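The sequence shown runs 11 to 893 under our numbering. Beta carbons: idealized from backbone N, C-alpha and C, even for Gly. All values derive from a computational prediction rather than experimental measurement.
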Amino acid sequence: MFTKYISYEKNLLSLILALTSTVAAMASGHTVGISSQNNVACTGCATGSATLTVNGGAGPFTYNWSPGGWSTASVTGMIAGFYTVTATDQNDLSTASALVTITEPFSALAISSNTLSLCQGDCSKQFTTAASGGTPVYSYTWQPGTGLSSNSSSSPTVCIAVTTTYTITITDSNGCTAKTTAVATENPVPVISVPGASICPGASVLLTASGATTYTWSPGTGLSSTVGATVTANPSGNTTYTVIGAFNGCTGSTTVVVTVSPPTVPNFTINPSPACFGQAVTFTDLSLGGTIATWNWNFGNPTTLADTSRLQNPSYSYPSPGTYTCILRITNVFGCTGTVSRTLTVSSSLTGVTVSGSVYKETCMGIGDGAIYITLSGSNTGPFTYQWSNGSTNQDITNLLSNNYILTIYDSNMNCLSSSYSVSPDGTNCGSISGNVFEDINTDCINNAGDQGLSNIMVIANPGNYKAFTNNQGNYVFNAMPYGTYTLTQQISNPYIFPACTSTLNTNLSVGNKNITNLNFADSIDTIPKDVSVSAYSKGIVPGFSCSVVFSLNNLTNVPASGTLCIVLPTGYGAFATSGNPGGYNVNGDTVCWSYTTLTSALYYEIYFTVPVNTPLGSVFTTCATATIIGMDINPANNYYCYTRYVAGSFDPNDKSVNPIGDGPQGNITLADNTLNYHINFQNTGNGPAVNITVKDTLSNKLDINTLEVTGISHNYILDVLPGNVLRWEFNNIMLADSGNNEPASHGWIAYKVKQKSSNQIGDQIKNTAYIYFDFNSAVITNTTLNTISTPTVIEKLSGNKAMVKVFPNPFSDNTTFIIQSDKSNEIFSFELLDVLGKQVRSTKEITGKEFHFSRNGLPNGIYFYKFYTAESTVDIGKLIIK
Numbered sequence: 011m012f013t014k015y016i017s018y019e020k021n022l023l024s025l026i027l028a029l030t031s032t033v034a035a036m037a038s039g040h041t042v043g044i045s046s047q048n049n050v051a052c053t054g055c056a057t058g059s060a061t062l063t064v065n066g067g068a069g070p071f072t073y074n075w076s077p078g079g080w081s082t083a084s085v086t087g088m089i090a091g092f093y094t095v096t097a098t099d100q101n102d103l104s105t106a107s108a109l110v111t112i113t114e115p116f117s118a119l120a121i122s123s124n125t126l127s128l129c130q131g132d133c134s135k136q137f138t139t140a141a142s143g144g145t146p147v148y149s150y151t152w153q154p155g156t157g158l159s160s161n162s163s164s165s166p167t168v169c170i171a172v173t174t175t176y177t178i179t180i181t182d183s184n185g186c187t188a189k190t191t192a193v194a195t196e197n198p199v200p201v202i203s204v205p206g207a208s209i210c211p212g213a214s215v216l217l218t219a220s221g222a223t224t225y226t227w228s229p230g231t232g233l234s235s236t237v238g239a240t241v242t243a244n245p246s247g248n249t250t251y252t253v254i255g256a257f258n259g260c261t262g263s264t265t266v267v268v269t270v271s272p273p274t275v276p277n278f279t280i281n282p283s284p285a286c287f288g289q290a291v292t293f294t295d296l297s298l299g300g301t302i303a304t305w306n307w308n309f310g311n312p313t314t315l316a317d318t319s320r321l322q323n324p325s326y327s328y329p330s331p332g333t334y335t336c337i338l339r340i341t342n343v344f345g346c347t348g349t350v351s352r353t354l355t356v357s358s359s360l361t362g363v364t365v366s367g368s369v370y371k372e373t374c375m376g377i378g379d380g381a382i383y384i385t386l387s388g389s390n391t392g393p394f395t396y397q398w399s400n401g402s403t404n405q406d407i408t409n410l411l412s413n414n415y416i417l418t419i420y421d422s423n424m425n426c427l428s429s430s431y432s433v434s435p436d437g438t439n440c441g442s443i444s445g446n447v448f449e450d451i452n453t454d455c456i457n458n459a460g461d462q463g464l465s466n467i468m469v470i471a472n473p474g475n476y477k478a479f480t481n482n483q484g485n486y487v488f489n490a491m492p493y494g495t496y497t498l499t500q501q502i503s504n505p506y507i508f509p510a511c512t513s514t515l516n517t518n519l520s521v522g523n524k525n526i527t528n529l530n531f532a533d534s535i536d537t538i539p540k541d542v543s544v545s546a547y548s549k550g551i552v553p554g555f556s557c558s559v560v561f562s563l564n565n566l567t568n569v570p571a572s573g574t575l576c577i578v579l580p581t582g583y584g585a586f587a588t589s590g591n592p593g594g595y596n597v598n599g600d601t602v603c604w605s606y607t608t609l610t611s612a613l614y615y616e617i618y619f620t621v622p623v624n625t626p627l628g629s630v631f632t633t634c635a636t637a638t639i640i641g642m643d644i645n646p647a648n649n650y651y652c653y654t655r656y657v658a659g660s661f662d663p664n665d666k667s668v669n670p671i672g673d674g675p676q677g678n679i680t681l682a683d684n685t686l687n688y689h690i691n692f693q694n695t696g697n698g699p700a701v702n703i704t705v706k707d708t709l710s711n712k713l714d715i716n717t718l719e720v721t722g723i724s725h726n727y728i729l730d731v732l733p734g735n736v737l738r739w740e741f742n743n744i745m746l747a748d749s750g751n752n753e754p755a756s757h758g759w760i761a762y763k764v765k766q767k768s769s770n771q772i773g774d775q776i777k778n779t780a781y782i783y784f785d786f787n788s789a790v791i792t793n794t795t796l797n798t799i800s801t802p803t804v805i806e807k808l809s810g811n812k813a814m815v816k817v818f819p820n821p822f823s824d825n826t827t828f829i830i831q832s833d834k835s836n837e838i839f840s841f842e843l844l845d846v847l848g849k850q851v852r853s854t855k856e857i858t859g860k861e862f863h864f865s866r867n868g869l870p871n872g873i874y875f876y877k878f879y880t881a882e883s884t885v886d887i888g889k890l891i892i893k
């Protein structure tokens, strides 16, 4: 039976005839039938065949196929259609016929494909083919296969370098084929070009792109338009623009940088100013604004044509006293300009005085121990003021590096006289020795993983008695050491630390071995009880402003410790506390407490508060801190610390303070105040980051350098001791931000403590001044701290607090007496007693007498703090010990 239609064009008769493949026509003597038949596999092809079989009759037979005219029983090469075959018996000329229907697929096999337009380097697109007709399933062959993800896929991905025409051959399940072509066109990516530009602040520039037909610019900041080949750019700062160009459907991009010159900020200094008649005046350029290309100076002296210069840092001598306007005009590499002027007074010459100077060389280049001492003689006895080129205003200057120094001396009428001096090194054959002091945990005498550096260990090099201290990583450095052989030893004040491997180290500095490193001391530590200490400092206490106090909590034994740190602010300050760092603190009245856990080195706690506006200038701000510890503390005396500072209307960011500040303008303290706590603040107020900072502090000869201990510091450091007990902290590569760009990060500080010498006498004065060097600039000289040894009083008072209360005995066991010293009558006092955690354990109100008796009544032994106050103010705060 036929199961397929021959074609859509066949008539109904054909459809009916298609229902049978064999029709037998009966003749008188024979019959015929189709014994085999093959239909056309591929539409339009002549591949059909059929075979006629004759049954009966006498024969022979002749055959006739219509259409086709074939005369054989078997026929091949037939196209689709209806055929009639007749067999004639030649014996009796009888005939018999049969119908044959040769079919083919409904439609011819066909294939089509899209064309592709590609951009150079684009490998993401693919051909899409459409197959029809024939007999599925189809297979595909692409020629050539170059650039195709597959040459047998119906939709291969294309990645070509040149335009390519592909021939696609499709084959169905009958083996029929059809072909078509597909073209992939490779278009070049446009190359976009835009020249860069540099402009002065506020200026504009035309940016012109090429290489495409359309353009898009981004970002739009500072552009006149975001489309088009040419745009006007006027950015406020350095800006990178991206330009996307399109051509033939392909895009390319590039970036262009418009560099905006820094604002030109012309600036210069005049040294000296005022100047002396006949003295060479140096003009030092301090201008900012990118790389300066030219300098044009006018020294303001129209009487001569030689009053101009194009040098960066010129010198000029004025021909007569007077007032001159000096002008500097700069031009940077961008062509941007700026102008500034300064007024200079050239004073008349100082007469009647002769200046002579004694110059002391540096003992070794870079050690900084040179000095210049000035002697004046003549009929003019002054008074005089002094101005050195390094900023000092003292008559004599010390701690000098090798350099040239100019001194200008003024009288009260500003007549002046200048002289110059040169400090040179006594030797240049110097080197350095560095190493580490560490706890040798694995006892192998090698500083390796797991070992821990030990801080505040003094290392001494002899001969010469050179000293250096280990920092918080245990590192020490001796700089500018003359060549020679040295023996190094440790001075260890902690009784639980002792040398593990050797007590001395020997080394030799020479030309071929001038920088000796890794000269390490391995120490052991006995089982140590815990020991924590507390100290404090503040940048300043100013009425009406937000201020802070930083408390340094130190673990002195490296044994992990946990506990609490509590501080007591002045009366009423708790209400003004605004924040603390770290968080997690508790405020109870004027007491602020933090908890700490597993402390192994140092932590810093800061409390911020607003100082009441009505706080008197010159009054003493006092805050006390107590650190408690879980377990036993080997040295509870250093768990308590009171910090005092005078209230001021402003403060210098580069200053030095001492605690106790002492009583009165002379800073009176007693011999019992044997430990002095010093704090040095420094701030970079320049126009850029400070790369290296050095701080020098000459320790008073009334202080014992062997007891020195760094209790806190803001940055990594190296500390050594120059001749004359000059402490030198070096902050190498500190990169301290300038205050204009990052004020909070522009500060640094040093805290250390040291004990008085036991040989000090009543009336001795202890003075200290710090010199702060920012890179290669002259020293910033701090204020001078002053303490004077005075006769002790009977009261144990808080550091710096002007006591109005005496207590005796103190310490006591059962009873003690407070004497309130006041000239006022009818005053009513209140009394509070706090434990070391700041918790109130006793209080008494409405005390009308000047003598107050107190009994312990069950209070345990320990340290307590008392406070007497009136409705108007705090009378006194002090420490009370029950034993």
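Looking only at its chain, what residues have a beta carbon closer than 7 Å to the beta carbon of residue i, apart from the 5 residues adjacent to it on each side?
| i | result |
| --- | --- |
| K767 | K712, L713, D714 |
| G58 | N48, N49, V50, M88, I89, A90, I112 |
| T497 | N472, T514, N516 |
| T301 | N342, V343 |
| V370 | Per the sequence presented here, residue 370 reads as Tyr, with Val not at that position. Excluding sequence neighbours, Y370 sits near G380, A381. |
Whole angstroms are fine: how far does the CA of residue j sit from the CA of residue i?
| i | j | result |
| --- | --- | --- |
| V365 | T418 | 10 Å |
| D536 | N482 | 20 Å |
| N49 | S183 | 15 Å |
| W305 | R339 | 6 Å |
| S828 | D707 | Reading the sequence as shown, one finds Phe at residue 828 and not Ser. Roughly 41 Å separates the two Cα atoms. |
| I857 | S840 | 6 Å |
| T408 | P282 | 20 Å |
| G288 | S430 | 14 Å |
| K889 | P670 | 15 Å |
| T105 | T82 | 15 Å |
| K812 | D886 | With a pLDDT of 44 at K812, under the threshold of 50, the modelled position of this residue cannot be trusted; read the value that follows with caution. Approximately 8 Å, taken between the alpha carbons. |
| S629 | N466 | 35 Å |
| N721 | T654 | As written in the sequence, residue 721 is Thr, which differs from the Asn given in the question. Distance between the alpha carbons of T721 and T654 is about 17 Å. |
| S117 | N258 | 40 Å |
| T717 | R352 | 50 Å |
| T138 | T145 | 20 Å |
What does the Cβ neighbour count give for residue i, buried or exposed, with the cut at 16 atoms within 10 Å?
| i | result |
| --- | --- |
| I723 | buried |
| L321 | exposed |
| P115 | buried |
| K834 | exposed |
| F631 | buried |
| I507 | buried |
| S809 | For S809, the predicted model reports a pLDDT of 38, less than 50, meaning its position is unreliable and no value from the coordinates is stated. |
Whose C-beta lies closer than 6 Å to the C-beta of residue i among residues of the same chain, with five residues either side of it excluded?
| i | result |
| --- | --- |
| N457 | N446, F448, N530 |
| C346 | C210, S271, T274 |
| P198 | Q130 |
| N101 | A68 |
| W759 | N691, S724 |
For residue i, would you say it is in contact with chain C, using Cβ-to-Cβ distances shorter than 8 Å as the test?
| i | result |
| --- | --- |
| I202 | Absent here is chain C; the protein component of the structure consists of one chain. |
Given 8 Å, three or more beta-carbon pairs between the stretch 424–442 and the stretch 486–506: yes
Inter-stretch contact at 8 Å, needing at least 3 Cβ pairs: the stretch 775–782 / the stretch 658–669: yes
Any 3 or more C-beta pairs closer than 8 Å across the stretch 605–624 and the stretch 555–572: yes
Length at least 3, wholly inside the stretch 728–805: the beta strand (DSSP E) runs in chain order: 728–732, 736–741, 757–766, 775–784, 790–799
Any beta strand (DSSP E) of 3 or more consecutive residues that is wholly inside the stretch 157–192: 174–181
Cβ contact check for the stretch 228–243 and the stretch 160–178: 3 or more pairs under 8 Å: no
Stretch-stretch touch, CB-based, cutoff 8 Å, three pairs: the stretch 370–380 with the stretch 730–749: yes
Contact the stretch 671–685 vs the stretch 757–767: 3+ CB pairs below 8 Å: yes
Three or more C-beta pairs below 8 Å linking the stretch 815–831 and the stretch 869–883: yes
Beta strand (DSSP E) segments (min. 3 residues) lying fully within the stretch 523–610: 531–535, 542–547, 556–565, 571–578, 587–591, 596–598, 601–609
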